[in-house]
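For reference, the structure is listed below as structure tokens.
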Amino acid sequence: MGISTLATKYGFQNFPHFSTGRSGAKVDKIVIHHMAGTNYDIVPNIWQTREASAHYGIGKNGEIRAYVDENNTAWHAGNWNANITSIGIENSNSTGEPDWNINQATIDACAKLVADIGKRYGLGVLAPYKNVFPHQYFSSTSCPGKLMSKLGEICDKANAINNGTSKPNTPTTSILYRVRKSWADVKSQKGAFKDLTNAKKCADSNTGYSVFDEKGNKVYSSNATPIVKRLTVQVNGLNVRNKPSLNGTIVGTYNKGATWTLPKSEQLIIAEGWVWARCPIGYCAVGKNTGKVEKDDYIYIS
Ligand SMILES: [Zn+2]
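Quick note: the sequence shown uses our numbering, first residue 17, plus one each step.
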């Protein structure tokens, strides 16, 4: 359906990492990202080398840019089926790591864009995990960071904008399965699902989380075996490169305490005498390749 009238083209499809068309699939969802970066203007130039892209990006002041035609498949979800069936929105951070804050203006513009897409594609009432998903639902990543707790607000605002064309929100009679660390730990909630299968999937991708019914009975616990490993940066100024090589372009830096997850099954990369790990915006050196964990490694993996 082309591009949203809310957006301005910027570096539009001037990078190789997207696919023409939708492989016959129908768009039925929106995937929310944060950039893990504060320099809005270098997106989409990053995608010249990095094998990724998104349809839209929203800046710190709420400006909306279009990077990829909605009729084409952007590479943003880390999951092909999700990519061909979704529209990806990147949101600029207002501060760097470890906080990666997001301005209210960005959130409000995101809600407007979600409303516009929802209306044009007939997605109906917009709701988290129904038709608006966080990136981490589809692949192991900390993305969309702070926006994890804003998905409800984005959907509520989008529904308010579309009011009149959308039906009233979820009937209170339907059971919602909530995914939390414990029933009492309300703040830990990752989502509320009408579909138990989706709730289980959410619990499975968040170690230590369980599914609770309306009354707080635990109906499912994720496997005790963690499916992700956590990487935590131990030094300040650790370069992030676009490939696992000292010749890779520096696309960002992390300071001590920056953290993200990777699938437990994902192998670290050994190149040029260094051990490398994927991170949300590229690749970081974990440390010298000595075959074991060293005290002076740049990244601690747990
Ligand atoms: Zn993302």
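Built from N, CA and C at the ideal position, the CB exists for glycine as well.
Counted within 10 angstroms of its Cβ, other Cβ atoms place residue i as buried (16 or more) or exposed
i, result
"Asn326", "Since the first and last residues shown for the chain are 17 and 318, residue 326 lies out of range."
"Ser281", "exposed"
"Ser238", "buried"
"Glu230", "exposed"
"Lys308", "exposed"
"Ala219", "buried"
"Glu310", "exposed"
"Gln283", "exposed"
"Tyr277", "According to the sequence provided, residue 277 is Thr. The question's Tyr does not apply to it. Its Cβ being crowded by 16 or more others within 10 Å, Thr277 is buried."
"Gly232", "exposed"
"Ile191", "exposed"
"Arg194", "buried"
"Gly268", "buried"
"Pro184", "Residue placement at Pro184 is poorly supported in this model, since its pLDDT is 45, which falls under 50; the coordinates still yield a value, given next. Burial call: exposed."
"Lys216", "buried"
"Ser158", "buried"
"Ser108", "buried"
"Asn258", "buried"
"Gln152", "buried"
"Ile170", "buried"
"Asn222", "buried"
"Thr186", "At Thr186, the pLDDT of 43 sits below 50, so the modelled position is not reliable; the number obtained from the coordinates is stated separately. That one is exposed."
"Gly289", "exposed"
"Ala176", "exposed"
"Val202", "exposed"
"Ala131", "buried"
Strand pairing of residue i, partner residues [DSSP]
i, result
"Cys171", "BP columns for Cys171 are empty, so no partner."
"Pro279", "Val244"
"Tyr193", "Phe209"
"Glu106", "His49, Gly73"
"Cys295", "Gly298"
"Tyr236", "Val227"
"Asn258", "The partner list for Asn258 (beta bridge, DSSP) is empty, contrary to what the question assumes."
"Lys135", "Looking at the DSSP assignment, Lys135 forms no beta bridge with any residue, so it has no partner."
"Ile286", "Val291"
"Val249", "Ile315"
"Ser35", "Thr89"
Beta-carbon proximity check, residue i vs residue j, cutoff 9 Å
i, j, result
"Ile297", "Val291", "no"
"Ile133", "Leu163", "no"
"Ala174", "Leu142", "yes"
"Glu113", "Gly273", "yes"
"His50", "Ala70", "no"
"Lys166", "Ile103", "no"
"Ala125", "Ala82", "no"
"Ile315", "Ala293", "yes"
"Pro144", "Gly207", "yes"
"His92", "Ala68", "yes"
"Ile80", "Ser20", "yes"
"Lys234", "Val227", "yes"
"Ser110", "Lys76", "yes"
"Ile100", "Leu129", "no"
"Val256", "Tyr270", "yes"
"Ser156", "Pro260", "no"
"Ala52", "Trp116", "yes"
"Pro60", "Gly37", "no"
"Gly78", "Ala121", "yes"
"Asp313", "Val302", "yes"
"Cys300", "Leu262", "no"
Residue range of the beta strand (DSSP E) that includes residue i
i, result
"Ile118", "Element bounds for Ile118: n/a, residue is neither H nor E."
"Ala301", "298-304"
"Val84", "Val84 -> no beta strand (DSSP E), and no H or E assigned at all."
"Tyr145", "Neither: Tyr145 is in no beta strand (DSSP E) and is coded neither H nor E."
"Val267", "266-270"
"Ala41", "Counting along the chain, Ala41 falls outside any beta strand (DSSP E), and DSSP gives it neither H nor E."
"Ile58", "First-last for Ile58: undefined, no H or E at that position."
"Ile317", "315-317"
Residue i - containing alpha helix (DSSP H), residue span
i, result
"Asn95", "That residue, Asn95, is in no alpha helix (DSSP H); it is neither H nor E in DSSP."
Check your understanding: Three or more C-beta pairs closer than 8 Å, one from the region 139-152 and one from the region 45-56: is that the case here?
Key -> Below 8 Å, enough C-beta pairs join the region 139-152 and the region 45-56 to call them touching: three or more.
Review point. Would you say the region 247-261 touches the region 79-97, given that touching needs at least three Cβ pairs under 8 Å?
Key: Contact fails: fewer than three Cβ-Cβ distances are below 8 Å.
Point to revise | Validate contact between the region 24-35 and the region 58-76 using beta carbons, cut 8 Å, 3 pairs | key: Flag = yes, the region 24-35 and the region 58-76 touch.
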